[in-house]
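Colleague: When you line the sequence shown up against mature numbering (1 follows the signal peptide of the UniProt record, and there is no 0), it's residues -22 to -1, 1 to 443, in that order.
Sharing a structure, written as structure tokens. Questions coming.
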Amino acid sequence: MASRAALSIALGAITLLSGCSAFRNYDSELAQTNQQLASGNVDAALTLLEKNNTSQDKDLLYFFEKGELLRAKGDLPGSQAAWSSADQQVGQWEDAVKLDTGKYLAQFGSFLVNDKVRRYEGYDYEKVMLTTQMALNLLAVNDFDGARMQIKKTHEREAVIADLRDKEYLKREEDAEKQGVKTEYKDLQGYPVASLDAPEVISLKNSYQSAFSHYLAGFVYEALGEKDLAAPGYRKAAELRPNTPLLEQALINLDKPAGKKDESDILIVVQSGLAPSRDSIRIPLPLPISGNVVITPLSFPLIKPDTSTAAFSQIGVDGRQLDLTQLNSTTAMSRRALRDDMPGIILRTTVRAITRGVAQKQINETNPLAGLAVGLTSAVLEGADTRTWRTLPDYTQVVRLRLKKGEHQVTLPSAVGGSVVKVTVDQRYQVISLRAVGNQVFAGGLAAQVIPSTNPTAVASIKQP
């Protein structure tokens, strides 16, 4: 009777845990939300987001997603408010790291807790892209001083991350040696290793520094007349993405005289697609459990690129076709983050599986039904963490040019609906931000407005803040 009671309790626990927010199917939720976004129904996407986040204690992902959806809607103040809440949570993470890095690493590196039940703290590239997107919101309303503050915060955040990751690497190497666990992801038979070893992934210096973020910093500093700060921004961008003419030319142009009074220096930023999702794959590994080698299936994360939006490399400006320069790929950064994290994931997953296996063997010897219950509970508890910021744009491409003050038209290719955007140029320096998802185009700010297309599948709308 006691064994059956234990089994009933375990099965009941599984049912409760399955409904717990820590075990939600986040990828499924956001797939539905992004479908509404890609169809141009931003209000429906926001409704779904609220429906799936009923708790009063909203997590970081909620504010990430809400900020991006409100930005697509054209509600820049609302977007900035949501992202400010996210930034506060990231700031708390920074404070914890700076206060006691060793304590933070010990808690994060715990072998007993599955990654997906931890409080979501965001990946490094998400933390940096947060302040970059906030800067774009401010630049959309010509607030260069406000954007400068966000850029400064971006640089400070990168420094915190760099210091933490150096210390984390050393601790992980020590733990792996102490536990006797091999942490090479290339040893995982059946894992798509090539996706983590792709040229665009290994060419990245790390997972969080973006050539776009640093180029944008250079542009903002230049617009504010701070050329001594603009040069390091452009230089860093060129270092992160070498052999890119746009970045090399930016440094050269700093020494050139300003344009005519009736001209403006325009940076058009086109962000397209959606960040990749994370999935879970089970790989059988031989583990030493109580003196025996036991083949045990373990779960590991993998990256699934988004396919909602066709790739394009040109836009039209007043009838001229201009090449775009890609400065960021969230998919590549996400894969680089996973590539760097995999040794730690393998270490934690393996040690946890061995510990669980030893405990379950001991229970099986005295109470087989209780052992079965423990095994069933473990099957629910184990699994790769698939949470990630899904509404974040994938590609960020730019073109820089001089335009006379007045009205102009920017045309996006037919691959994303062929939308026409009316642009009002009235500042000495100006940033125009556009977002393409599916065949929808969204624009925000004072200067850009999407003109409804005659193609019913390509209609996009904009609300001025």
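Backbone N, C-alpha and C fix where the C-beta goes; we use that ideal spot for every residue, glycine too.
Here the structure is a predicted model, which is why all the values come from computation and not from measurement.
1. Sort Asp102, Arg368 and Gln187 by Cα distance to Ala16 and report the nearest one.
2. Of the choices Asp37, Leu8, Asp165 and Lys130, whose alpha-carbon is the least far from that of Leu27?
3. To which residues does DSSP link Thr389 through a beta bridge?
4. Is it true that the CB of Gln66 sits closer than 9 Å to the CB of Leu116?
5. Using DSSP's beta-bridge definition, name the partner residues of Ser258.
6. With distances taken from CA atoms, which of Gly335, Gly297 and Gly237 is nearest Asn270?
7. In its own chain, which residues sit with a C-beta less than 7 Å from the C-beta of Asp296, not counting the 5 before and 5 after it?
8. Taking all protein chains shown into account, decide if Thr(-8) is buried (16 or more other Cβ within 10 angstroms of its Cβ) or exposed.
9. On a Cα-Cα basis, can you pick out the residue from Asp37, Asn30, Gln34 and Arg49 that is closest to Val419?
10. State the beta-bridge partners of Gln418 as determined by DSSP.
11. Compute the Euclidean distance between the alpha carbons of Phe278 and Ser258, then round it to the nearest angstrom.
12. May I have the straight-line CA-CA distance separating Val377 from Val171, to the nearest angstrom?
13. Using only CA atoms, which one of Thr79, Gln408 and Arg365 lies nearest to Asp93?
14. Give the single residue among Val428, Gln427 and Gly422 whose Cα lies nearest to the Cα of Asp53.
15. Could you give the distance in angstroms between the alpha-carbon of Gly396 and the alpha-carbon of Val428?
16. Pro264 bridges to which residues according to DSSP?
17. Kindly indicate which three-state DSSP category Glu241 falls into: helix, strand or coil?
18. Where do the ends of the alpha helix (DSSP H) carrying Lys145 lie?
19. By DSSP, does Val428 sit in helix, in strand, or in coil?
Modeller: To lay it out plainly:
1. Within the sequence shown, residue 16 is the residue found at index 38, counting from 1. Ranking Asp102, Arg368 and Gln187 by Cα distance to Ala16 puts Arg368 first.
2. The residue labelled residue 27 in the question sits at position 49 within the sequence shown. Minimum Cα distance to Leu27 is reached at Leu8.
3. Position 411 of the sequence shown holds residue 389. Looking at the DSSP assignment, Thr389 forms a beta bridge with Gly294 and Val398.
4. Position 138 of the sequence shown, counted from the first residue, corresponds to residue 116. Position 88 of the sequence shown, counted from the first residue, corresponds to residue 66. No, they are not a contact pair.
5. Residue 258 sits at position 280 when you count from the first residue of the sequence shown. Per DSSP, Pro279.
6. As a working note, residue 270 is residue 292 in the sequence shown. Checking every option, the nearest Cα to that of Asn270 belongs to Gly335.
7. Numbered from 1 along the sequence shown, position 318 holds the residue referred to as residue 296. For Asp296, where only same-chain residues beyond five positions count, the Cβ hits under 7 Å are His386 and Gln387.
8. By one-based count along the sequence shown, residue -8 stands at place 15. Confidence is the limiting factor: at Thr(-8) the pLDDT is only 47, short of 50, which leaves the residue's position unreliable, though a coordinate-based value still follows. By the neighbour-count rule (16 or more Cβ atoms within 10 Å), Thr(-8) is not buried but exposed.
9. Numbered from 1 along the sequence shown, position 441 holds the residue referred to as residue 419. Comparing Cα-Cα distances from Val419 to each of Asp37, Asn30, Gln34 and Arg49, the minimum goes to Arg49.
10. Walking along the sequence shown from the start, residue 418 turns up at place 440. According to DSSP, Gln418 bridges with Val415.
11. In the sequence shown, residue 278 corresponds to position 300, counting from 1. In the sequence shown, residue 258 corresponds to position 280, counting from 1. Taking the straight line joining both Cα atoms gives about 6 Å.
12. The residue given as residue 377 occupies position 399 in the sequence shown. The residue given as residue 171 occupies position 193 in the sequence shown. In a straight line, the C-alpha of Val377 is about 34 Å away from that of Val171.
13. Position 115 of the sequence shown, counting from 1, holds the residue named residue 93. Ranking the options by Cα distance to Asp93, first place goes to Arg365.
14. Taking the sequence shown and counting its residues from 1, one reaches residue 53 at position 75. When only C-alpha atoms are compared, the closest one is Gly422.
15. Counting from one through the sequence shown, the residue named residue 396 turns up at place 418. Counting from one through the sequence shown, the residue named residue 428 turns up at place 450. Distance between the alpha carbons of Gly396 and Val428 is about 11 Å.
16. For the purposes of this step, residue 264 is taken as the residue at position 286 of the sequence shown. Note: Pro264 sits in a beta bridge opposite Ile273.
17. Locating residue 241 in the sequence shown gives position 263, where the first residue counts as 1. Strand, per DSSP.
18. Locating residue 145 in the sequence shown gives position 167, counting from the first residue. It spans Phe122 to Gln157 - the alpha helix (DSSP H) in which Lys145 sits, taken as one unbroken run.
19. Here residue 428 refers to the residue found at position 450 when the sequence shown is read from its first residue. Strand.
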